[in-house]
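All remarks here apply to the structure that follows.
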Amino acid sequence: MCDEYPMIFDILWALSFNHDIQQQLRSNSSFMIKLTHLPKEFNNTQMRKITQGILWNLESNHNDRTISEISNKKTFEIMVSYSHQDEIVCRQIYNELINVGYRVWIDFDQMHGNVMDAMAQAIERSNIILICISEQYHRSNYCRAEAHYAFQRQLRIVPILLQEHYQPDGWLLFLVSQVLYVDFTKYEFSQAIQMLIKELKAPIINEISIVHVCSKVEDNTLMPITPVALKIPENILEWDQIHVQHWLTSHGLLQMSRLFANLDGQSLLYMHEHIEHLDSQQVISLLHEDSLRRTSQSLSLVELSYFRSLINQQKQSLTSSSLSTKHTKVTLNRLKRKPLVCCQIM
1 MCDEYPMIFD ILWALSFNHD IQQQLRSNSS FMIKLTHLPK EFNNTQMRKI TQGILWNLES
61 NHNDRTISEI SNKKTFEIMV SYSHQDEIVC RQIYNELINV GYRVWIDFDQ MHGNVMDAMA
121 QAIERSNIIL ICISEQYHRS NYCRAEAHYA FQRQLRIVPI LLQEHYQPDG WLLFLVSQVL
181 YVDFTKYEFS QAIQMLIKEL KAPIINEISI VHVCSKVEDN TLMPITPVAL KIPENILEWD
241 QIHVQHWLTS HGLLQMSRLF ANLDGQSLLY MHEHIEHLDS QQVISLLHED SLRRTSQSLS
301 LVELSYFRSL INQQKQSLTS SSLSTKHTKV TLNRLKRKPL VCCQIM
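Sequential numbering of the sequence shown, starting at 1, is according to UniProt numbering.
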């Protein structure tokens with residue numbers, strides 16, 4: 001591996017967001033040792049950033065980062081997450097927010113040192129993340145890591161659309177599909193800024209309620225993201241992480257969606273088997289601890305019960321499928337033999 005092939009590393013970074021690929025890469029000890037030393041070997045700043053990003057995805061402990069007392073004071077009210085190709089308009093937005101008194105964090109100088117740690121600290125010190133939607137933002141692995149960590153830390157997400165006619169999909173659609181956005185391509189800049197400030201000042205209420213209620217009374221100044229139709233395969237074994245998240249949120253299982261953020265369909269079945277076949281008190285205790293760690297909320301037994309019911313329906317549908325009956329029986333038998341890895345796969 002060397003810095004003559006940055007595209008290969010960028011592709012590897014994109015792949016490392018997938019839970020199964022993360023496990024495969026982590027299991028290759030020689031690869032992990034080499035990857036750990038690479039940031040120190042590169043003279044190219046971009047290559048150091050990419051390798052640090054891959055390491056960030058493969059480290060299992062950054063979800064457990066202890067936020068310092070200084071971070072808990074929330075130094076910034078707003079963090080602006082954007083693609084550097086949109087820097088001009090983002091600088092204008094930054095100046096307007098500063099002028100009205102907001103404390104705003106934004107990276108204009110392209111951070112040096114360990115950019116992932118610097119990114120994490122900025123998120124931990126902020127209350128709101130402003131996600132500047134564009135195709136380039138969606139393509140950026142760094143923007144994806146930034147937005148995903150902000151979601152894990154439960155920052156309030158306020159999206160703004162910067163690219164005309166662009167419709168987010170994939171991981172970006174999952175993050176912004178349930179919230180309202182300000183369209184900077186539809187309105188004059190001064191008007192869009194006023195709409196943004198109004199949204200920033202709005203009281204925090206359930207995000208799903210915002211889509212159904214406020215969009216009717218705001219005279220279309222704020223609009224819900226129009227989602228690209230996401231077709232979820234009938235076979236749960238074919239679900240990727242995005243399918244799982246869409247399925248959970250569409251059934252109102254918001255806490256479960258945060259708790260199972262990195263699971264695909266097969267991992268979700270593994271989890272369900274552990275819940276069903278192990279000691280109930282042990283499972284509830286483990287899930288409760290993980291919920292407190294990941295979401296800062298007690299485990300919702302109502303959501304857990306509904307989740308179990310829905311998964312049972314999926315398993316019945318899977319078992320009755322004539323096209324995959326043989327494969328299903330083998331898979332479900334394997335699931336029953338799978339050891340408990342709750343705290344590792346969540």
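The beta-carbon is built from N, C-alpha and C at its ideal position, and this holds for glycine as well.
Since the structure is predicted, the reported quantities are computational estimates derived from the model, not experimental observations.
{"query": "Could you give the DSSP three-state label for Ile106: helix, strand or coil?", "result": "coil"}
{"query": "Tell me the residue span of the beta strand (DSSP E) that contains Leu58.", "result": "First-last for Leu58: 45-58, but that is the alpha helix (DSSP H), not the beta strand (DSSP E)."}
{"query": "Mind checking which residues open and close the alpha helix (DSSP H) that includes Ser250?", "result": "241-250"}
{"query": "Classify Lys34 as buried or exposed, calling it buried when 16 or more other Cβ atoms lie within 10 Å of its own Cβ.", "result": "exposed"}
{"query": "Do the segment 85-96 and the segment 188-198 touch if we need at least three Cβ pairs shorter than 8 angstroms?", "result": "yes"}
{"query": "Since Arg91 is in the alpha helix (DSSP H), which residue starts that stretch and which ends it?", "result": "87-99"}
{"query": "Please state the DSSP three-state secondary structure of Val115.", "result": "helix"}
{"query": "When the Cβ atoms of the segment 73-85 are set against those of the segment 128-144, are three or more pairs found closer than 8 angstroms?", "result": "yes"}
{"query": "Leaving aside the five residues before and after Leu55 along the sequence, list all residues of the same chain whose C-beta is less than 8 angstroms from its C-beta, in chain order.", "result": "Leu35, Thr36, Pro39, Met116"}
{"query": "Which one of Leu161, Ala150, Gln255 has the shortest CA to CA distance from Asp302?", "result": "Asp is not the amino acid found at residue 302; the sequence shown has Val there. It is Gln255."}
{"query": "From Ile275, His288, Ala118, pick the residue whose C-alpha is nearest to that of Leu307; which is it?", "result": "With the sequence shown as reference, residue 307 is identified as Phe, and Leu is not the correct amino acid for it. Checking every option, the nearest Cα to that of Phe307 belongs to Ile275."}
{"query": "Which same chain residues, not among the five before or five after Phe174, have their C-beta less than 6 angstroms away from its C-beta?", "result": "Ile242, Gln245"}
{"query": "State the start and end residues of the unbroken beta strand (DSSP E) segment that holds Tyr181.", "result": "180-183"}
{"query": "For the alpha helix (DSSP H) containing Ser177, name the first residue and the last one.", "result": "Note, Ser177: premise wrong, no alpha helix (DSSP H); not H, not E."}
{"query": "So, at 6 angstroms on beta carbons, what are the nonlocal neighbours of Arg153 in its own chain, with the 5 sequence-adjacent residues on each side left out?", "result": "Ile123"}
{"query": "Name the residue from Phe42, Lys49, Val100, Met271 whose alpha carbon lies nearest to the alpha carbon of Pro201.", "result": "Inspection of the sequence shows that residue 201 is occupied by Lys rather than by Pro. The option with the nearest alpha carbon to Lys201 is Val100."}
{"query": "What are the boundary residues of the beta strand (DSSP E) that Ile157 is part of?", "result": "156-161"}
{"query": "Between Gln52 and the rest of its own chain, which residues show a CB-CB distance below 7 angstroms, the 5 nearest in sequence each way excluded?", "result": "Pro39, Asn114, Val115, Met116"}
{"query": "Which residues in the same chain have their Cβ closer than 8 angstroms to the Cβ of Glu199, if we skip the five residues on either side of it in sequence?", "result": "Val158, Leu180, Val182, Leu222"}
{"query": "So is Phe260 buried or exposed if we call it buried at 16+ other beta carbons inside 10 Å?", "result": "buried"}
{"query": "So what's Ile232 in DSSP terms, helix, strand or just coil?", "result": "coil"}
{"query": "Closest to Gln136 by C-alpha separation, out of Tyr187, Ile11, Pro168, Leu287, would be which residue?", "result": "Pro168"}
{"query": "For Gln22, collect the residues of the same chain with a Cβ closer than 7 angstroms to its Cβ; drop the 5 residues on either side in sequence, then sort them by chain order.", "result": "Ser16, Asn57, Leu58"}
{"query": "How is the beta strand (DSSP E) around Leu253 delimited, first residue to last?", "result": "That residue, Leu253, is in no beta strand (DSSP E); it is neither H nor E in DSSP."}
{"query": "At which residues does the alpha helix (DSSP H) containing Ser267 begin and terminate?", "result": "265-277"}
{"query": "At the level of alpha carbons, what is the spacing between Asn235 and Val104?", "result": "45 angstroms"}
{"query": "Express the C-alpha separation of Leu162 and Leu310 in angstroms, rounding to a whole number.", "result": "38 angstroms"}
{"query": "Taking its Cβ as the centre, do 16 or more other Cβ atoms sit within 10 Å of Ile88, making it buried, or is it exposed?", "result": "exposed"}
{"query": "Cys90: which of Glu77, Tyr102, Asp107 sits nearest, CA to CA?", "result": "Asp107"}
{"query": "Starting from Leu25 and walking both ways along the alpha helix (DSSP H), at which residues does that stretch end?", "result": "19-27"}
{"query": "Once you ignore the five residues that flank Gln313 on each side, which residues in its own chain have a CB closer than 6 angstroms to its CB?", "result": "none"}
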